[in-house]
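Protein chains in written order, with the numbering used here: chain A, 1 to 358; chain B, 359 to 716.
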């Protein structure tokens, strides 16, 4: 595993990895979810030649878009270009990214007995193209830039597998969960095992940090999270390589934060619905936090972006362990210029301008 | 105004109106958002003959579906059958309910100058069909059953007017708001004035309670709510007939609850993401609360529905002022039988079974 090879100092002492370990940094590290995405002309240029799935499965192209985004933006970490749903293919799901419609799963789970046909991920080779991308990205990146590997969290994957695609109210997934907890737990267990194998393989291939995207878990209240999700998330975090810091991300999770922290993760993601200072107070000093600018703010005139970014930095001041990010992914029509200026601003203001220094 | 005529005792002392006033009741009142809706065969029968907008605009049919739902379910309040977007038509918006697509506004607001073409609602007559429905429903309902009138809250209406329909991330609405607060405030002011006129006319026509649906406001964090929404909501609540109790409803508002309470409303809606006891503790004893079963729970086997409904009632026990409801509207494929049994259960358990009596 990657952890067997100690990291070079330039990487280990990078602001991003220091913040993951809650060590003080000279500058607040920043990266942005979906930083390699449709808002960026270089990305659209690559995507004009291949489909989304082809891009995910071509390590050279995945490397190109990952590295281009990180270097162009000057962010403190790169994130593997991939999709949280790729893992569903080797589990037996027929996945398509339909034009303009988002992901579609043609053979979703509908009844308890459908869980029996979900395959276990015995070895990571069916996703070998991801590990090849991780290695290639690691080689192509500046040696001091950390690389984030990632996976979808089991709840969010289960929702996709049951809904068959995007959803507003998740009624199929919730009905399934409420109707038959045994079948739900069986499905979640398969997803936990597969995800742990997948993430640890990414770490072994060259990712320094692992992020779990539980993008949809905010549709649950605390009782449901405790019963249907938390035990599985605990088991998953327990299986992850302990030498690789992990980020536990969700949106709409303001009533779940403490439960997510107790499930695991060195860094907890906060979205913009939570005041970053309040959220961190609730989480306590045992975790770092990542967030939490509303991605829609990037459409505002830049002085307004600036005011809000400073406000977030002020709320984090004095506590080591803040990673600046958006509360969710960059949206497709976001002005590139604002993204570039945001990165500069976060670096500059956190280096020089904050009212209290850590 | 309706308040000039004192209510008959049977209505004034109904459990629903007592709960709105935070007076102890023998039984916890229950009604369900979208209780007259597609899940119900009687509703589908009416809808098979007319379009959605035709149904809204036909007082006799609106009365039929409103009263049928309330009586069939045995709930403690009826709610006017209408749509929150109807008010946009007299303001100059071209509204269509496209089949399978939800509402579409063909001439949305895109730039600040578009606000100039939004008409003021000088008199309520363009929405006279709603007031005729309210009067007809009031006459047709049992005299002891309160009738709820409602409107969309200005933020949610503004989102529709700017997005031109449903949205996932509200980036157009937020961009507009962030770009030009003057134009945003002008739009919100028009919506506040129109909504106050509209709601007070519903009260005068025979509604005993008024609910404001701020269904989408949970996309904002606390700072944005404070700056772009709260002053407008305060002004709106100040304009409402003080003798008619009001319900302030939103979803996904767990970080906004105190701000919503301070904006106004006798009853605050809670969705299932908040533990009802915790939410009420945060709101304090000055308001009643409404909620908060996840509508998806109605797809669970009934013992699970029962367990969760009891849990909510237990959390509310000992405090007068709880109105049982879902956290959002009933979903289209919900089993009618579960809805009927839920109403019975809430009545029976709150009358006899709670661990502590108020």
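Glycine is no exception: its CB is placed at the ideal position from the N, C-alpha and C atoms. All values reported here derive from a predicted model rather than from experimental measurement.
Taking C-beta atoms as the reference points, residue 626/B and residue 645/B count as a pair closer than 8 Å. Counted as a single uninterrupted DSSP element, the stretch harbouring residue 125/A is not any alpha helix (DSSP H), since DSSP gives it neither H nor E. Contact check for residue 293/A against residue 349/A fails: the beta carbons are separated by 8 Å or more. Taking a beta-carbon distance threshold of 8 Å, residue 232/A does not count as an interface residue toward chain B. By the neighbour-count criterion, in which 16 or more other beta carbons inside 10 Å mark a residue as buried, residue 51/A falls on the exposed side. DSSP places residue 50/A outside both helix and strand once states are collapsed to three, so it counts as coil. Here the alpha carbons of residue 272/A and residue 254/A stand approximately 10 Å from one another.
Along the stretch 528-550 of chain B, going in chain order, the ones with a CB nearer than 8 Å to a CB of chain A are 528, 529, 532, 533, 536, 537. Secondary structure at residue 181/A: helix, using DSSP grouped into helix, strand and coil. In the displayed model, residue 109/A falls within coil according to three-state DSSP, outside both helix and strand.
The shortest C-alpha to C-alpha distance from residue 635/B to any of 480/B, 596/B, 676/B, 471/B is the one to 676/B. Taking the C-beta atoms as reference points, residue 330/A is found nearer than 8 Å to residue 32/A. Taking a Cβ-Cβ cut-off of 7 Å, the neighbours of residue 331/A in chain B comprise 527, 529, given in sequence order. Pairing residue 105/A with residue 121/A gives a Cβ-Cβ distance that is not under 8 Å. Any Cβ of chain A closer than 8 Å to the Cβ of residue 635/B would place that residue at the interface, and such an atom is absent. According to DSSP, residue pairing for residue 604/B in a beta bridge involves 568/B.
Going by beta carbons, residue 388/B and residue 434/B fall inside the 8 Å limit. Secondary structure note for residue 289/A: its beta strand (DSSP E) is the uninterrupted segment 288-293. The Cβ atoms of residue 385/B and residue 709/B sit closer than 8 Å to each other.
Listed by position along chain B, the residues whose Cβ is nearer than 8 Å to that of residue 296/A are 527, 528, 529, 532, 533, 536. Excluding residues up to 5 positions away in sequence, 387, 389, 434, 435, 504, 567, 681 lie with their Cβ nearer than 8 Å to the Cβ of residue 374/B in the same chain. Between the stretch 185-194 of chain A and the stretch 221-239 of chain A there are three or more C-beta pairs closer than 8 Å, enough to call the two in contact. Between residue 7/A and residue 392/B, the alpha-carbon positions lie close to 57 Å from each other.
Contact check for residue 165/A and residue 222/A: beta-carbon distance about 27 Å, past the 8 Å limit, so the pair fails to qualify. Secondary structure within the stretch 146-170 of chain A: the beta strand (DSSP E) runs of 3 or more consecutive residues, fully enclosed, are 147-152 (chain order). Identification of chain A residues near residue 579/B by a Cβ-Cβ cut-off of 9 Å yields 271, 272, 273, 274, 275, 292, 294, 327, ordered along the chain. For residue 590/B, the uninterrupted alpha helix (DSSP H) run begins and ends at 588-597, by DSSP.
Using a Cβ-Cβ cut-off of 9 Å, residue 658/B is close to 174, 175, 177, 178, 179 of chain A, given in chain order. The shortest C-alpha to C-alpha distance from residue 394/B to any of 607/B, 546/B, 441/B, 501/B is the one to 441/B. Chain B places a beta carbon closer than 8 Å to that of residue 252/A, counting this residue as a contact.
Shown here for residue 664/B: same chain residues with a beta carbon closer than 7 Å to its own, the five before and five after excluded, namely 703 in chain order.
At a beta-carbon threshold of 7 Å, the residues of chain A lying near residue 662/B are 178, ordered along the chain. The beta carbon of residue 248/A sits closer than 6 Å to the beta carbons of 212, 260, 265, 268 from its chain, once the five residues preceding and following it are set aside; these are given in chain order. When DSSP states are grouped into helix, strand and coil, residue 103/A belongs to the strand group. Under the Cβ criterion of 8 Å, residue 156/A is not counted among the residues facing chain B. Bridge pairing for residue 627/B: 648/B [DSSP].
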